[in-house]
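Report on the following structure.
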Amino acid sequence: MWNSVIGQSRAKEILQRAIVTNKIAHAYCFWGAEGIGKDALALEFARVTNCYHPIILGNTAEACGECKSCVQHSHLQHPNISLIFSLPTGKAGGSDDESPLLRLSDEQITTIQEQLAVKAQNHYHNISIPSATQIKIVSIRDVKKTIQLSQAQQGRRVVIISEADEMTTEAANAFLKTLEEPHSNVTLIITTSRKEMLPQTILSRCQQINLEPLNDDELTQALIERNELNEQTARLTASLAQGSYSKAIELLNEDTQQLRNDIVDVLRSALRNVTYRQEVVHSIDSVIGNTDRKDVEKMLMLLMVWLRDASVIAATQSTDSVINIDQKPVLERFAEVFRDKNFVHAIEHIEQAIRAIRQNAQVQLTMITLLISLRRIFLA
Numbered sequence: 017m018w019n020s021v022i023g024q025s026r027a028k029e030i031l032q033r034a035i036v037t038n039k040i041a042h043a044y045c046f047w048g049a050e051g052i053g054k055d056a057l058a059l060e061f062a063r064v065t066n067c068y069h070p071i072i073l074g075n076t077a078e079a080c081g082e083c084k085s086c087v088q089h090s091h092l093q094h095p096n097i098s099l100i101f102s103l104p105t106g107k108a109g110g111s112d113d114e115s116p117l118l119r120l121s122d123e124q125i126t127t128i129q130e131q132l133a134v135k136a137q138n139h140y141h142n143i144s145i146p147s148a149t150q151i152k153i154v155s156i157r158d159v160k161k162t163i164q165l166s167q168a169q170q171g172r173r174v175v176i177i178s179e180a181d182e183m184t185t186e187a188a189n190a191f192l193k194t195l196e197e198p199h200s201n202v203t204l205i206i207t208t209s210r211k212e213m214l215p216q217t218i219l220s221r222c223q224q225i226n227l228e229p230l231n232d233d234e235l236t237q238a239l240i241e242r243n244e245l246n247e248q249t250a251r252l253t254a255s256l257a258q259g260s261y262s263k264a265i266e267l268l269n270e271d272t273q274q275l276r277n278d279i280v281d282v283l284r285s286a287l288r289n290v291t292y293r294q295e296v297v298h299s300i301d302s303v304i305g306n307t308d309r310k311d312v313e314k315m316l317m318l319l320m321v322w323l324r325d326a327s328v329i330a331a332t333q334s335t336d337s338v339i340n341i342d343q344k345p346v347l348e349r350f351a352e353v354f355r356d357k358n359f360v361h362a363i364e365h366i367e368q369a370i371r372a373i374r375q376n377a378q379v380q381l382t383m384i385t386l387l388i389s390l391r392r393i394f395l396a
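My numbering numbers the first residue of the sequence shown as 17 and each following residue consecutively.
Right, here's the structure in full:
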């Protein structure tokens, strides 16, 4: 079921062709931005290569979804599939031959089990365990021991190292040795959103597949189908997610429309009032208040999307491609009033403000400067 992976048609084609032609690489590196499906792609590859009754049609290979192997995979409890990720340090001591899990507390084990259960349901879930920031050598030694054992079940042994850039130097060196000793029925997959942090000696021994950020249409459709959003909310969320499904899910936990309404009100206040400076300062204080930088950045991105909608209406007199569907009447009025103004210049100023906030500029001063600039653009 490659459709469990959103978009990424090129990567899917490469992997399916390898399966169909029996030219599967010994090792892969799936790299790209966070939340675009690297782990999801690796897990689907593992499902197909272990399926008892794969459906082969031309250059496509699909898992049946019903056999014993597919059922095991659906719970992430397959003997041929290992998912490696950062773990807490755990207690000191212990044998190099024992599982890294044996060094952890019962509470930590429970957290890991809970995280894996979520990952089984949503392959885009980012496993998050308190105090887990590194993949240590004990985990890689466990991988090496696992792939040397005889398989208890037919299929292909697949080891997935999620966010492999989190390997310690010792772990990376141990993994390199594992890469240098390929096994005929084993595939090693590393995923990373920071490829530059991985040693070149490891990358050079992997077939590298770059995953692209998802486009807004792919994200919108996924949010409608998987998260049961209406089109308006899905499109607005997708426009802010920067090609990341995981980031889109994070945005769903916030009142995105309220953030947008607040920042648009601040803009309209700055453009409407003669004594705008005092009003702008008051509006910024009331809207931003104790809001953290990420939320301010999000508000500015929402304002940027809103102004892009207005610019499209001003240029085309059409609302067909508007993202802020619920704001159509307001956008049409704004576009009519400011039809001849430089929307591109306004959006550039917002982008500059976002960059400034990311670089720790003072938020209130940045916002005041931005709104004064926007006032000059629209009221010149």
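All C-beta atoms, glycine included, are put in the ideal place defined by N, C-alpha and C.
Under 7 angstroms Cβ to Cβ from residue i, same chain only, skipping five residues before and after it: list those, please.
{"i": "Val16", "result": "No answer is possible for residue 16: the residues shown for the chain start at 17 and end at 396."}
{"i": "Cys86", "result": "Arg63, Cys67, Ala79 and Cys80"}
{"i": "Ser337", "result": "Val328"}
{"i": "Ala254", "result": "Asp232, Leu235, Thr236, Leu239 and Ala264"}
{"i": "Ala326", "result": "Leu347, Phe350, Ala351 and Phe359"}
{"i": "His91", "result": "Ala136"}
{"i": "Glu241", "result": "none"}
Around the Cβ of residue i, are there at least 16 other Cβ atoms within 10 angstroms (buried) or fewer (exposed)?
{"i": "Gly74", "result": "exposed"}
{"i": "Arg251", "result": "buried"}
{"i": "Ile206", "result": "buried"}
{"i": "Ala351", "result": "buried"}
{"i": "Ser147", "result": "exposed"}
{"i": "Glu29", "result": "exposed"}
{"i": "Ile125", "result": "exposed"}
{"i": "Ala180", "result": "buried"}
{"i": "His396", "result": "Inspection of the sequence shows that residue 396 is occupied by Ala rather than by His. So Ala396 ends up on the exposed side."}
{"i": "Met320", "result": "buried"}
{"i": "Glu60", "result": "buried"}
{"i": "Ser200", "result": "exposed"}
{"i": "Asp356", "result": "exposed"}
{"i": "Arg324", "result": "buried"}
{"i": "Pro345", "result": "exposed"}
{"i": "Thr208", "result": "buried"}
Going by CA-CA distance only, name the one from the options that's closest to residue i.
{"i": "Thr382", "options": "Asp311, Gln368 and Leu395", "result": "Gln368"}
{"i": "His69", "options": "Lys84, Ala56 and Glu60", "result": "Lys84"}
{"i": "Leu235", "options": "Arg210, Ser285, Leu267 and Lys211", "result": "Leu267"}
{"i": "Gln248", "options": "Ile339, Lys211 and Lys160", "result": "Ile339"}
{"i": "Asp311", "options": "Phe61, Leu227, Val379 and Ser166", "result": "Val379"}
{"i": "Gln169", "options": "Gln129, Gln216, Ile97 and Arg221", "result": "Ile97"}
{"i": "Ala238", "options": "Pro215, Leu227, Ala264 and Gln216", "result": "Ala264"}
{"i": "Met213", "options": "Glu196, Leu227 and Thr185", "result": "Thr185"}
{"i": "Trp18", "options": "Ile40, Glu50, Cys45 and Thr65", "result": "Thr65"}
{"i": "Leu31", "options": "Arg210, Gln223, Glu123 and Asn243", "result": "Gln223"}
{"i": "Arg309", "options": "Asn376, Cys45 and Ala41", "result": "Asn376"}
{"i": "Gln88", "options": "His298, Gly171 and Asn243", "result": "Gly171"}
{"i": "Arg221", "options": "Asp271, Pro198 and Asp122", "result": "Pro198"}
{"i": "Ser166", "options": "Ser121, Thr332, Pro95 and Lys39", "result": "Pro95"}
{"i": "Pro215", "options": "Ile40, Lys39, Lys161 and Cys45", "result": "Cys45"}
Are residue i and residue j closer than 8 angstroms when you measure CB to CB?
{"i": "Val21", "j": "Gly48", "result": "no"}
{"i": "Gly259", "j": "Leu219", "result": "no"}
{"i": "Leu245", "j": "Lys314", "result": "no"}
{"i": "Ala372", "j": "Leu390", "result": "no"}
{"i": "Leu204", "j": "Ala43", "result": "yes"}
{"i": "Asp233", "j": "His139", "result": "no"}
{"i": "Ile300", "j": "Ile366", "result": "no"}
{"i": "Ile225", "j": "Ala27", "result": "yes"}
{"i": "Trp322", "j": "Arg284", "result": "no"}
{"i": "Leu57", "j": "Gln24", "result": "yes"}
{"i": "Val36", "j": "Ile71", "result": "no"}
{"i": "Ser178", "j": "Leu227", "result": "no"}
{"i": "Glu50", "j": "Ser262", "result": "yes"}
So, for residue i: in the same chain, excluding its five sequence neighbours on each side, which residues have a beta-carbon less than 6 angstroms away from its beta-carbon?
{"i": "Lys202", "result": "It should be noted that the sequence gives Val, not Lys, for residue 202. So the qualifying residues of the chain are Ile163 and Arg173."}
{"i": "Phe354", "result": "Phe394"}
{"i": "Ile151", "result": "Ser102, Glu182, Met183 and Ala187"}
{"i": "Thr127", "result": "Ile145"}
{"i": "Ala330", "result": "Ala351 and Arg355"}
{"i": "Lys211", "result": "Trp47"}
{"i": "Ile370", "result": "Glu313 and Leu316"}
Got a sec? Which residues, its chain only, sit under 8 angstroms from residue i by beta carbon, not counting five neighbours each side?
{"i": "Asp342", "result": "Gln248 and Gln273"}
{"i": "Glu82", "result": "His69"}
{"i": "Gln131", "result": "His141, Ile143, Ser144 and Ile145"}
{"i": "Thr217", "result": "Leu192"}
{"i": "Glu77", "result": "In the sequence as presented, Glu is not what sits at residue 77; that position holds Ala. Correct list, in chain order: Gln32, Ile35, Val36, Val64, Pro70 and Ile71."}
{"i": "Thr149", "result": "Ser102 and Glu182"}
{"i": "Ser115", "result": "Asp158"}
{"i": "Leu195", "result": "His42, Ala43, Leu204, Ile218, Arg221 and Cys222"}
Review point. Given 8 angstroms as the limit, is there contact between the segment 186-201 and the segment 149-156, that is, 3 or more CB pairs closer than that?
Key: yes
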